[in-house]
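> Can you read through this structure? Questions will come right after.
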Amino acid sequence: MPDGSNILGRGVYTVPEAARLLKVPSARLRSWVYGNGSEPVLIPELAAEDGQDALSFINLIEVLFLTELRGQGVSLQSIRSMQDTARRVLKTDHPFAVRRFHTDGKAIWMETAEATGDRRLVDLTDGNGAMLQVLERSFRKSVTFDGAEGVANLWRPSADQPRIVLDPQRRFGRPIDNETGVPTEILADALRAEGGNVERVAALWEVPVEAVEQAAEFELRMHKRLAA
31 MPDGSNILGR
41 GVYTVPEAAR
51 LLKVPSARLR
61 SWVYGNGSEP
71 VLIPELAAED
81 GQDALSFINL
91 IEVLFLTELR
101 GQGVSLQSIR
111 SMQDTARRVL
121 KTDHPFAVRR
131 FHTDGKAIWM
141 ETAEATGDRR
151 LVDLTDGNGA
161 MLQVLERSFR
171 KSVTFDGAEG
181 VANLWRPSAD
191 QPRIVLDPQR
201 RFGRPIDNET
211 GVPTEILADA
221 LRAEGGNVER
231 VAALWEVPVE
241 AVEQAAEFEL
251 RMHKRLAA
């Protein structure tokens with residue numbers, strides 16, 4: 031895994047960790063980011079160390095949006111075309127993780143739909159673009175962008191546990207309780223050690239009861255995905 035100097039403020043996730051958080055099969059995620067015999071869709075931010083690949087927080091957000099697009103039936107060919115246009119217009123290697131793409135990028139969508147003839151893209155951008163607005167709004171609901179550069183800087187992975195966030199500036203991007211900064215894994219482990227006594231864990235770690243409950247629920251879901 032990349033060393034601390036390489037990941038400071040950027041977050042770091044192994045492929046299995048990222049796949050679990052994103053609810054994407056590891057093999058699919060690896061092919062999107064690293065190719066694995068085919069042309070990759072995204073550009074990895076972090077160089078591999080000791081033969082181990084890792085994704086940055088920015089890559090995580092890119093895959094999150096790529097998953098949304100694939101869920102809407104948009105082809106990888108069209109996504110590559112859209113990224114090429116967006117990279118040129120927005121002057122960034124990671125347009126899916128930039129606010130401007132998600133707020134002012136309708137022209138990029140329209141240009142891609144016209145160039146590729148992808149029926150799903152045409153449907154999304156046709157007429158008043160209402161379907162496109164719904165897709166973008168759904169994505170922006172969970173992702174926050176910084177004020178200066180407009181780059182993604184916070185992700186709430188579950189609407190059911192709104193306290194849980196991933197922030198590349200804190201704990202190397204691990205899932206944490208947003209208010210206190212305590213990692214969800216620590217709170218969930220403490221709850222198991224205390225025999226499920228939520229109030230005791232909350233007192234020991236000086237966090238609200240809701241922080242313990244949401245952390246435990248979040249980690250339980252993560253472990254279920256790992257087992258699957």
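Per our numbering, residue 31 is the first one in the sequence shown, and the count goes up by one each step.
We put the beta carbon where it would ideally sit given N, CA and C, even for glycine.
These numbers come from a predicted model, not from an experiment.
1) Taking only the alpha-carbon atoms, compute the straight-line gap between S108 and T97 and give it to the nearest angstrom.
2) May I ask you to report which of helix, strand or coil DSSP gives T174?
3) For E75 and I88, what's the separation of their Cα atoms in angstroms?
4) Taking P205 as part of the alpha helix (DSSP H), name the residues at either end of that continuous run.
5) Can you check whether the CB of A143 is closer than 7 Å to the CB of L151?
6) Going by C-alpha to C-alpha distance, which of L106, E249, L90 sits closest to F202?
7) Going by the DSSP bridge assignment, what does T44 pair with across the sheet?
8) Under 8 Å Cβ to Cβ from Q102, same chain only, skipping five residues before and after it: list those, please.
9) Report yes if the C-beta distance between H132 and R170 is below 7 Å; otherwise report no.
10) Can you give me the Cβ contacts of T115 inside the same chain, cut-off strictly under 7 Å, excluding the 5 residues immediately before and after it?
11) With a 10 Å radius around its C-beta and 16 neighbouring C-beta atoms as the bar for buried, classify L217 as buried or exposed.
This is what the structure holds:
1) 14 Å
2) strand
3) So the two alpha carbons sit approximately 8 Å from each other.
4) Unbroken run through P205 is the beta strand (DSSP E), 205-207; no alpha helix (DSSP H).
5) Going by beta carbons, L151 and A143 fall inside the 7 Å limit.
6) L90
7) Its beta-bridge partners are A84.
8) Closer than 8 Å at the Cβ level, and outside the excluded window around Q102, lie R150, L154, L165.
9) yes
10) Residues of the same chain with a CB within less than 7 Å of the CB of T115, apart from the 5 flanking positions on each side, are I138, E141, T142 in chain order.
11) buried
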